[in-house]
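In our numbering, the protein residues as written are 43 to 304.
Just below is one structure, and these are the notes that go with it.
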Ligand SMILES: [Ca+2]
Ligand SMILES: [Ca+2]
């Protein structure tokens, strides 16, 4: 009788401890809650001295309880106008292009021109997600890419010192910019895209007015191209932006800047 009671006691003890182990395993296999993850800004960058209306794509961003543009002398408050599910563009994984988006508005003071290392900070109940490297563009030095700009004859004028903001959105999209520069000028052309959250893998190519290739680059900084060129003949130059990705996409934004090198 005593032996039987002992057996029952041991069985209960084992049963109970077995239950504890099982619960611990269940807890381990459930994914821990994660904060919102901002991934892509559309269009890229913000313009100083005005209210910017943008779309911020990412994972879990619909849960946002607070959004700021951080990194300047004070965090800039962001107004969320709309939050919605938004399937990733064809051919892109949600981990890269997001599956939700926020329509946002942010006023960026003129004094913030030149600020570096700005970041979207999206707070949720499970923490804060950050997207770094948001450029602040000056209203005087910035232009928007305008279609059609797919060939030399319809190229958009770009001045040295300006930044153009564009997107390679449609299949086969090519953006061509015309530069008037003096013989002997030394130029540096650079794309900011993948480094700052765009899904674009850009290629930058420079041609003379006769269509001869002068310089080309695919990946200099991350997937972003950059190139240097000294102008040796008179006549306009053409800077061409194309994509190395499989497909064009509305998330393929870029900023192109051409600067004079001293
Ligand atoms: Ca185009
Ligand atoms: Ca590239």
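In this text, a Cβ means the ideal position worked out from N, Cα and C, and glycines have one as well.
| query | result |
| --- | --- |
| With residue 161 and residue 173 assumed to form a contact (beta carbons below 8 angstroms), what rounded beta-carbon distance in angstroms separates them? | 6 angstroms |
| Check the C-beta distance from residue 248 over to residue 279 and give it rounded, since I have them as a contact under 8 angstroms. | 6 angstroms |
| Distance check for residue 89 and residue 108, CA to CA, integer angstroms please. | 21 angstroms |
| Quick one: complete alpha helix (DSSP H) runs, 4+ long, within the region 77-110? | none |
| Relative to the C-alpha of residue 175, which candidate in 163, 159, 183, 186 has its C-alpha closest? | 159 |
| Just to confirm before moving on: does the CB-CB distance between residue 87 and residue 171 stay below 9 angstroms? | no |
| DSSP three-state label for residue 137, please. | helix |
| May I ask whether a heavy atom of ligand 2 can be found less than 8 angstroms away from the beta carbon of residue 322? | The displayed coordinates of the chain run from 43 to 304. Any statement about residue 322 would go beyond what the structure contains. |
| Give me every residue whose Cβ sits closer than 6 angstroms to any heavy atom of ligand 2, in chain order. | 243, 244, 245, 260, 261, 265, 267, 286 |
| Which partner residues does residue 233 have in the DSSP bridge list? | 298 |
| Does DSSP put residue 189 in a helix, a strand or coil? | coil |
| Does residue 64 come out as helix, strand or coil in the three-state DSSP assignment? | Note that residue 64 has pLDDT 48, beneath the 50 cutoff, so the model's placement of it is unreliable and no number is given. |
| Cβ of residue 112 versus every heavy atom of ligand 1: is any distance shorter than 8 angstroms? | no |
| Less than 8 angstroms separating the Cβ of residue 278 from some heavy atom of ligand 1? | no |
| Grab me the residues of residue 228's own chain with a C-beta within less than 6 angstroms of its C-beta, minus the 5 sequence neighbours each way, in chain order. | 272, 303 |
| So residue 215 and residue 290 are supposed to be a Cβ contact under 8 angstroms. How far apart are they, rounded? | 5 angstroms |
| Residues around ligand 1, please: the ones whose beta-carbon is closer than 6 angstroms to some heavy atom of it, in chain order. | 189, 191, 192, 215, 216, 217 |
| Should residue 188 be labelled buried (16 or more other beta-carbon atoms within 10 Å of its own) or exposed? | exposed |
| Throw me the rounded Cβ distance for the residue 147 and residue 121 pair, which I believe falls under 8 angstroms. | 5 angstroms |
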